[in-house]
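Engineer: Provided herewith is a single structure, encoded as structure tokens, for subsequent inquiry.
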Amino acid sequence: MSSDKVKGFAGVSSQKKKKKEPNKHQVAANRYDEMKDKGLPEFNIYIRIKGKEWVPAGSMAVERSNQISRAIFQQEKELLKGAVRLYPILRKYQENLEYGYRLKEFPDEEITIAVLPEPTLGDKFQYAFSRAKEYFNSVTKPKKA
Numbered sequence: 436m437s438s439d440k441v442k443g444f445a446g447v448s449s450q451k452k453k454k455k456e457p458n459k460h461q462v463a464a465n466r467y468d469e470m471k472d473k474g475l476p477e478f479n480i481y482i483r484i485k486g487k488e489w490v491p492a493g494s495m496a497v498e499r500s501n502q503i504s505r506a507i508f509q510q511e512k513e514l515l516k517g518a519v520r521l522y523p524i525l526r527k528y529q530e531n532l533e534y535g536y537r538l539k540e541f542p543d544e545e546i547t548i549a550v551l552p553e554p555t556l557g558d559k560f561q562y563a564f565s566r567a568k569e570y571f572n573s574v575t576k577p578k579k580a
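Counted the way our numbering counts, the sequence shown spans residues 436 to 580.
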């Protein structure tokens, strides 16, 4: 037997380990921590089937307290994804869900129902732009055989 060590199929790897890019959850968590450190208002977010008990869906910090409803609906997709992972029953009732919030520092207060704010001109423009982007991405994406 030779004194050479057995190598795998790929041989010796001379590649350096690549640093992982932070994923969107890590980026969001870091941004949340920064906002929290600045003393911005923090909210506990809740979700429920209309008329049923509230269940926790996450936490958010926003620049101003009056922006919380808008922030909830901007992040609705991610909130719902996390809530459904914890409470699979919610998947069946996606059209009958409502969101609520309350300040973290006042856990005894009632949960306020989040109301979808009227879209601003900027929101409408952003929506139209994202729809156009989705369309062009679907048109230019090569089709699989």
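Note that beta-carbon positions come from the ideal geometry of N, C-alpha and C, so glycine has one too.
According to DSSP, which residues form a beta bridge with T547?
Structural biologist: Paired residues: Y536.
Engineer: Mind the definition here: the segment 521–529 touches the segment 549–564 only if three or more C-beta pairs lie below 8 Å; say whether that holds.
Structural biologist: In short, these stretches do not touch, since the Cβ pair count stays below three.
Engineer: Helix, strand or coil for R483, going by three-state DSSP, please let me know.
Structural biologist: Three-state DSSP puts R483 in a strand.
Engineer: Whose CA, out of R483, W489, E469, lies closest to the CA of E498?
Structural biologist: The option with the nearest alpha carbon to E498 is E469.
Engineer: Count the other CB atoms within 10 Å of the CB of A563; is the residue buried (16 or more) or exposed (fewer)?
Structural biologist: Flag for A563 reads exposed.
Engineer: How close, in whole Å, do the beta carbons of P542 and S504 come, if the pair is a contact with beta carbons under 8 Å?
Structural biologist: Rounded, the Cβ-Cβ distance is 20 Å, inconsistent with contact.
Engineer: Select from Y534, I480, F571, Q510 the residue whose C-alpha is nearest the C-alpha of G486.
Structural biologist: Of Y534, I480, F571, Q510, the residue nearest in Cα terms is Y534.
Engineer: If you follow the beta strand (DSSP E) that S500 is part of, which residue opens it and which one closes it?
Structural biologist: Where S500 is concerned, there is no enclosing beta strand (DSSP E), given that its DSSP letter is neither H nor E.
Engineer: Are the beta-carbon atoms belonging to I507 and I480 less than 8 Å from one another?
Structural biologist: Contact flag set, yes.
Engineer: Alpha carbon to alpha carbon, how far is E544 from Q461?
Structural biologist: The straight-line gap from Cα to Cα measures roughly 30 Å.
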